[in-house]
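There are 2 protein chains.
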Amino acid sequence: MNLTSAKVACRDCSVHQLCLPNGIDEADLARLDGIVERPQPMAARRHLYFMGDNFRSVYVVRSGSIKTYVPSLDGVEQVTGFYWPGEIVGLEAITIGAHACSAQALERTSVCELPFSRLDALADDLRSLGRRLLQILGREIHRDQQVFTILGKPSAEQRIAAMLLNISSRLKQRGFADHEFRLSMSRHDIGSYLGLAYETVSRVFSRFQRQGLLLVEHRQVCIRDMAGLRIVAGSALAR
Amino acid sequence: MNLTSAKVACRDCSVHQLCLPNGIDEADLARLDGIVERPQPMAARRHLYFMGDNFRSVYVVRSGSIKTYVPSLDGVEQVTGFYWPGEIVGLEAITIGAHACSAQALERTSVCELPFSRLDALADDLRSLGRRLLQILGREIHRDQQVFTILGKPSAEQRIAAMLLNISSRLKQRGFADHEFRLSMSRHDIGSYLGLAYETVSRVFSRFQRQGLLLVEHRQVCIRDMAGLRIVAGSALAR
DNA sequence: CGGTCCCTTGATATTCATCAATATCAGTGG
DNA sequence: CCACTGATATTGATGAATATCAAGGGACCG
């Protein structure tokens, strides 16, 4: 028996407040809980879904992390996002009915699976769930807007600083340390996400370390000077 | 009296099929129509809202175009999006309750205003409206994902080609010509959006023209070689 | 008609990608 | 335990792409 796959009810889940159940009352929560599936944890590099797959479920990361990417003909995949505990993967497929990207575990990762048809049917009954779903999607749109300000920055230093601040703030929201964390993705993934060569990512990390902004050891990152990093990122909303 | 501000019911609106009412049945449509406000057209450069404003409404572009941007301390605003007829502005504020960016008309523009509290209340009654709202937000998330693949491209040529294709496909969806259109935003805005200097935008346009990919005259763009543009953009989902 | 903003183009400086070599780390099997 | 292997990361050298500085032309607006 694998402890990490033990069934944890939504009400006792550590990311409860960031997840769908937040704002759903006790009685309704039990019904929501009834449709949540909790598969075995996934090994690193396993896929949650592939681009083009029929949309069945959205997935909440419970532990570990996920990257999404768009594979391309020439084999150069483009990373479109990273997801940490409490974040929801697969929302991009709701309207289209098919996944617009592939989703892959960056490390050993466990998720909750929420079959969307059952979620949708349940929302017919529970107006609070319908509202909550709308909130979740609205939050996602808000986040995407913030990411636009990261990817729209003109220099490698600005983009990387803004990305680190974005990760930091997301981890903080989830109750993790905001100044020290382990990047579960490779330099290559970061470069693909930000539109930079992976060597550039590596160099900027080294430069930030020399400047006293960061301590970087492999994938472990410690932010030494949050304010300085904000200045590098550019004042435009790097919170 | 201004003809463009004449009251057009949702059912007769030209962007009906891209807008909220799509999929709402006749009887319910009348009720939805009842809460839609149709303000006078806005002059170019007028703001729909400013960052930080309380969230009251979402806005559907009926004619003209809107840009959204994040103003920053040093005065260097960062553009986060462009919106054409049938597209909905303001969704990023739904969950937070305050606008995360400012929205400005790029030309004479008319919108429909949908007061969200009334929309939300109506959705309690009309399950079809609740579903439709979810669809709208899901579509927005899907679009944002596509934008990530534009902004994540490594070169100026790729980003600009991908952006043009993205605009083209959005205009086509709305029944406009997909190979010939007028950009309502400045080179500066495009540069800010894509993380490029405005001179680079200008140069790449000229280069594309010399290569026979485009005809560019001021803000008027004609795509001469759609397939070639797709190749430049890189195969990764530039549709 | 004059002024302002926007766009284009050129020259130069800077940043970034690419190529390449080396180092490090996580597994794997002897 | 250690050697071996392949993936990952760092760093340097070089060339290409992009930003910056600068000038001039053209469109739009009062």
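Keeping their order, the protein sequence lines are chains A and B.
In this text, residue positions in the first sequence follow our numbering: the first is 1, and each later residue adds one.
In this text, residue positions in the second sequence follow our numbering: the first is 1001, and each later residue adds one.
Ideal Cβ positions, reconstructed from N, Cα and C, are used throughout, including at glycine.
- Neighbourhood of R1139 (chain B) in chain A, by CB distance below 9 Å: I94, T95 and I96, in chain order.
- Proximity to G152 (chain A) across B:A1027, B:C1010, B:S1065 and B:V1076 peaks at B:V1076, based on C-alpha coordinates.
- At a Cβ-Cβ threshold of 8 Å, G1090 (chain B) and Y1049 (chain B) count as neighbours.
- With a threshold of 8 Å between beta carbons, L1171 (chain B) makes no contact with chain A.
- When DSSP states are grouped into helix, strand and coil, L1133 (chain B) belongs to the helix group.
- Contact between the segment 1006-1025 of chain B and the segment 172-180 of chain A is absent, with fewer than three C-beta pairs closer than 8 Å.
- Taking a contact as a CB-CB distance under 8 Å, the pair S1072 (chain B) and G234 (chain A) counts as one, their CB atoms being some 7 Å apart.
- Only residues of its own chain outside the window of five on either side were considered, and among them A1100 have a CB closer than 6 Å to the CB of E1092 (chain B), listed in chain order.
- Closer than 8 Å at the C-beta level to chain A, one finds these residues of the segment 1184-1204 of chain B: S1192, Y1193, L1194, G1195, L1196 and A1197.
- For the set B:A1121, B:R1182, B:E1180 and B:T1109, the Cα lying nearest the Cα of I1035 (chain B) is the one of B:A1121.
- Annotation: Q158 (chain A) to G228 (chain A) spans about 12 Å, alpha carbon to alpha carbon.
- Excluding its 5 nearest sequence neighbours in each direction, D33 (chain A) has C-beta neighbours in its own chain below 6 Å: A9 and C10, listed in chain order.
- The C-beta of G152 (chain A) comes closer than 8 Å to at least one C-beta of chain B.
- The Cβ of D124 (chain A) sits closer than 8 Å to at least one Cβ of chain B.
- Within the segment 74-114 of chain A, complete beta strand (DSSP E) segments of at least 3 residues are found at 78-83 and 102-105, given in chain order.
- Between the segment 18-32 of chain A and the segment 122-132 of chain A, the count of C-beta pairs closer than 8 Å reaches three or more; the two stretches touch.
- A residue is called buried when at least 16 other Cβ atoms come within 10 angstroms of its Cβ; P39 (chain A) does not meet this threshold and is exposed.
- Judged by beta-carbon spacing, V58 (chain A) lies within the 8 Å limit of F116 (chain A), meaning their Cβ atoms are closer than that value.
- In this structure, B:A1161 is the residue among B:A1161, B:V1061 and B:R1210 with its C-alpha nearest to the C-alpha of V1232 (chain B).
- When the beta-carbon positions are compared, S1102 (chain B) and M1051 (chain B) come within less than 8 Å of each other.
- Sorting B:E1087, B:M1185 and B:L1194 by C-alpha distance to the C-alpha of V147 (chain A) places B:L1194 at the top.
- By DSSP's assignment, H1016 (chain B) forms no beta bridge with any residue.
- Annotated as distal: R219 (chain A) and L171 (chain A), with beta-carbon spacing of 8 Å or more.
- Residue range F116 to D125 is occupied by the alpha helix (DSSP H) that includes S117 (chain A), with no beta strand (DSSP E) assigned at that position.
- Residue-level contact by beta carbon holds for Q135 (chain A) and chain B, with a gap shorter than 8 Å.
- Relative to the Cα of V1061 (chain B), the nearest Cα in the group B:P1154, B:A1105, B:Y1198 and B:F1181 belongs to B:A1105.
- Bridge pairing for Y49 (chain A): A:A103 [DSSP].
- If you keep only unbroken alpha helix (DSSP H) runs of at least 4 residues inside the segment 125-203 of chain A, you get 127-151, 156-173 and 187-194.
- Using a 10 angstroms sphere on the CB of N54 (chain A), the tally of other CB atoms stays under 16, which defines it as exposed.
- Beta-bridge partners of N1054 (chain B) (DSSP): B:A1098.
- Of the other Cβ atoms in all chains shown, 16 or more fall within 10 Å of the Cβ of D189 (chain A); this residue is therefore buried.
- Measuring C-alpha to C-alpha distances from I1167 (chain B) to each of B:S1065, B:R1056, B:C1013 and B:H1016 identifies B:S1065 as the nearest.
- The three-state secondary structure of R1038 (chain B), taken from DSSP, is coil.
- Between A98 (chain A) and the set B:S1110, B:P1085, B:I1094 and B:G1138, the nearest pair of CA atoms involves B:G1138.
- In terms of Cβ geometry, C1222 (chain B) and L1215 (chain B) form a close pair [threshold 8 Å].
- Taking a C-beta distance under 8 Å as the contact criterion, E37 (chain A) and E87 (chain A) do not qualify as a contact pair.
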